[in-house]
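Okay, structure first, notes after.
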Amino acid sequence: MHQYVTFIGGFPIRFYGIFFSLGIIFGCIMAYYFLKKDGRGWHECMFDLGLTIAFVGIIGGRLWDVFFFDWDYYHNHLLEIPYVWQGGMAIQGGVIFACVAGYIFLKKRHIPVLPFADIIAPAIIFGQAIGRIANFMNGDAFGHPTGADFGILYPSTTLAYHTYGAQPLWPAEVWECQGDLIILGLLLWYSCFKHARGTTFCLYIMLYSLLRFFLENFRGDYGTLALGLKSAQLTALAGFVAATAVFIFFSIKYRKDRTEEVKENQ
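Structure representation (structure tokens):
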């Protein structure tokens with residue numbers, strides 16, 4: 000593992016920035032493919048939308064990390080808040096801010112939000128998986144010490160090393176990347192069947208929330224917040240409950256509408 004590709008003058012070119020950008024780019028490419036295959040012409044706005052939600056998502060992810068995860072540090076280093084190239088992006092904040100920006104964008108373009116969100120949900124989790132590679136290369140979003148002679152040993156230049164020294168750590172960000180790819184497969188499989196609109200996106204929120212809640216038990220880059228839970232676990236729990244409730248509502252409504260349609264056709 001090495002944090003830097005090269006230096007231009009005194010400015011470092013980081014693998015973090017490269018893989019973070021690749022996550023956005025290939026997430027948009029995958030979404031463009033799914034939208035074009037759908038055939039409703041929505042793919043034409045995908046890259047405009049991608050730029051919008053990427054910009055807003057970066058702001059949201061950074062602010063979420065600063066205020067919910069690392070405020071103990073940043074309240075004494077306010078000028079470093081914009082230094083996103085150093086790492087420190089919370090995917091939950093990024094997704095929330097991006098969803099709000101995406102909703103406004105789609106409404107202005109008169110594109111139905113729920114069908115659009117269902118189509119691009121697998122692309123979102125694919126982009127997240129690549130983003131976790133960025134965290135791994137940067138040595139952030141790391142796990143706590145394994146307490147044994149196995150685990151990841153981070154270089155001395157990383158935040159993980161500065162936090163725990165030369166101790167083997169759980170590969171929390173690697174596991175999340177792998178879990179995201181499993182969720183991608185499940186979403187693609189679910190999309191093969193008839194389902195209520197909006198439920199694919201709800202399923203994405205549900206599955207990722209479960210994954211994140213579990214993996215937070217191995218994260219070592221910040222402490223607990225309340226009730227013995229970390230802030231990301233509280234967010235994941237709220238996201239799972241809300242998404243499950245909406246999933247059930249949409250599914251019941253879908254079955255009811257189909258039943259009424261069948262009766263009308265008899």
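If you count by numbering that gives the first Met the number 0, then the sequence shown holds residues 0 to 265, one letter each, in order. The beta carbon of each residue, even a glycine, is placed where N, CA and C say it ideally should be. Owing to the predicted nature of the structure, the values given are computational and were not obtained by experimental measurement.
Here's the rule I'm using: 16 or more other beta-carbon atoms within 10 Å means buried, otherwise exposed. How should proline 111 be labelled?
What you label residue 111 is simply residue 112 of the sequence shown in a count that begins at 1. By the 10 Å Cβ count, proline 111 comes out exposed.
Nearest residue (CA-CA) to tyrosine 163, options Asp179, Gln177, Thr145
What you label residue 163 is simply residue 164 of the sequence shown in a count that begins at 1. The candidate whose alpha carbon is nearest that of tyrosine 163 is Thr145.
CA-CA distance, threonine 258 and isoleucine 103?
Position 259 of the sequence shown holds residue 258. Position 104 of the sequence shown holds residue 103. Distance between the alpha carbons of threonine 258 and isoleucine 103: 33 Å.
Would you call the segment 126-133 in contact with the segment 170-177, where contact means no fewer than 3 C-beta pairs closer than 8 Å?
yes
Supposed contact pair arginine 211 and glycine 142 - C-beta distance, whole angstroms, cut 8 Å:
Taking the sequence shown and counting its residues from 1, one reaches residue 142 at position 143. Taking the sequence shown and counting its residues from 1, one reaches residue 211 at position 212. Not confirmed; about 14 Å, so no contact.
Segment contact flag, the segment 200-216 with the segment 37-45, C-beta cutoff 8 Å, min 3 pairs:
no
With DSSP as the reference, please indicate the residues paired to proline 144 in a beta bridge.
One-based indexing of the sequence shown puts residue 144 at position 145. Partner(s): Leu168.
Just tell me which of Gln91, Ile57, Thr51 has its CA closest to the CA of phenylalanine 68.
Locating residue 68 in the sequence shown gives position 69, where the first residue counts as 1. Selected option, being the one with the closest Cα: Gln91.
Spell out the partners DSSP gives isoleucine 12 in its beta bridges.
Counting from 1 along the sequence shown, the entry for residue 12 is found at position 13. Answer is Thr5.
Taking one C-beta from the segment 53-68 and one from the segment 193-206 each time, how about it: are there three or more such pairs within less than 8 Å?
no
Would you check if the segment 150-162 and the segment 232-240 touch, i.e. whether three or more CB-CB distances between them fall below 8 Å?
no
Which residue wins for smallest C-alpha separation from leucine 183, given the options Pro81, Met136, Ala237, Met29?
Within the sequence shown, residue 183 is the residue found at index 184, counting from 1. With distances taken between Cα atoms, leucine 183 lies closest to Met29.
Report yes or no: do the segment 187-199 and the segment 156-172 share at least 3 C-beta pairs separated by less than 8 Å?
no
Residue span of the alpha helix (DSSP H) that contains cysteine 201, given as start and end
As a position in the sequence shown, residue 201 is number 202, starting the count at 1. It spans 198-214 - the alpha helix (DSSP H) in which cysteine 201 sits, taken as one unbroken run.
Please name the residue in Asp256, His161, Asn134 whose C-alpha comes closest to that of arginine 13.
Residue numbering aside, residue 13 sits at position 14 when the sequence shown is read from its first letter. The option with the nearest alpha carbon to arginine 13 is Asn134.
Nearest-angstrom Cα separation, counted from phenylalanine 10 out to proline 81:
Here the question's residue 81 lines up with position 82 in the sequence shown. Here the question's residue 10 lines up with position 11 in the sequence shown. Roughly 16 Å separates the two Cα atoms.
Just to confirm the assignment, what range does the alpha helix (DSSP H) spanning isoleucine 103 have?
Counting from 1 along the sequence shown, the entry for residue 103 is found at position 104. Start and end: 90-107.
Identify the residues that DSSP records as bridge partners of isoleucine 151: which are they?
In the sequence shown, counting from the first residue as 1, residue 151 sits at position 152. Isoleucine 151 is bridged to Leu168.
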